Amino acid sequence: MKNLELSKRVKELRTRKGLSQEELSEDSGLSLRTIQRIENGETEPRGDSLKKLANSLGASPDELIDWTIQENRGYLVFLNLSSLTFILFPLLGFLIPFIMLSAKKDKIKDINMIGSSIVNYQITWNLIALPFLISFSILLVNIVFLHNGYISIPELVAQLILILLYLYNLTLILINSLRIYNNKKVRYFPRIRFIKM
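If you count the sequence shown from 1, position 53 lands on 49 in our numbering, and the numbers rise without skipping.
The structure is reproduced here in structure tokens:
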């Protein structure tokens, strides 16, 4: 298992730096076959090979060897609560969690599953809320700039639906934050799978 974690870490760092296996081989002074065997989990670098490999990847030998997926419930709860930014601006509800997910992808236990659920739900919520947000914007322009205080029944219904959508989203975020804190599976509905992890 340790070989697989190490091989995954080496491959991740190599691709992050934009190096091919051949380039890493040249840069580190290790043979191409050795690099391939390390990335396939067939062998584990030790001593001088580990130092050369770590140096070429811009990491310390300890970072390569000790790399494991951490458990960090606090970060997951914060990731979930970050989607509350939809209150300020709806698109922030998925942009902030997406940025946080991208920063810690594959580094924290369950982050891929929870983060993709949050982002997919928030994108879906934005698509559902969009017509009602447009209706609200038009109504606001009518009232503020045209001084038309008249609100039609369809406009009123649209605003009530928008309020209900906001309350539903807020409730779901808070419930799922508690579920994450209690180490339970998150439940976001409806959601369309826009991103897969």
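No residue lacks a Cβ here, since even glycine has one placed at the ideal position from N, Cα and C.
This one's a predicted model, so the numbers in the text were calculated from it and none came from an experiment.
Contact annotation: Val6 and Leu75 have beta-carbon atoms that are not nearer than 9 Å. For the pair Lys47 and Leu91, the Cα-to-Cα distance works out to about 38 Å.
In this structure, Asn172 sits away from Phe82, with a CB-CB distance that is not shorter than 9 Å. Taking C-alpha positions only, Phe132 is separated from Leu168 by approximately 23 Å. Thr39: not part of any alpha helix (DSSP H); DSSP gives it neither H nor E. In the three-state DSSP reduction, Ile130 falls in the helix class (H, G or I). In the DSSP annotation of this structure, Phe141 is not part of any alpha helix (DSSP H), being labelled neither H nor E. Judged by beta-carbon spacing, Glu59 lies beyond the 9 Å limit of Lys105, meaning their Cβ atoms are not closer than that value.
When DSSP assignments are scanned along the stretch 87 to 130, the uninterrupted stretches of alpha helix (DSSP H) that are 4 or more residues long and fall wholly within it turn out to be 88 to 100. Here Ala99 is exposed. Its C-beta has fewer than 16 other C-beta atoms within 10 Å.
DSSP lists Ile104 as the beta-bridge partner residues of Gln66.
Counted as a single uninterrupted DSSP element, the stretch harbouring Ser148 is not any alpha helix (DSSP H), since DSSP gives it neither H nor E.
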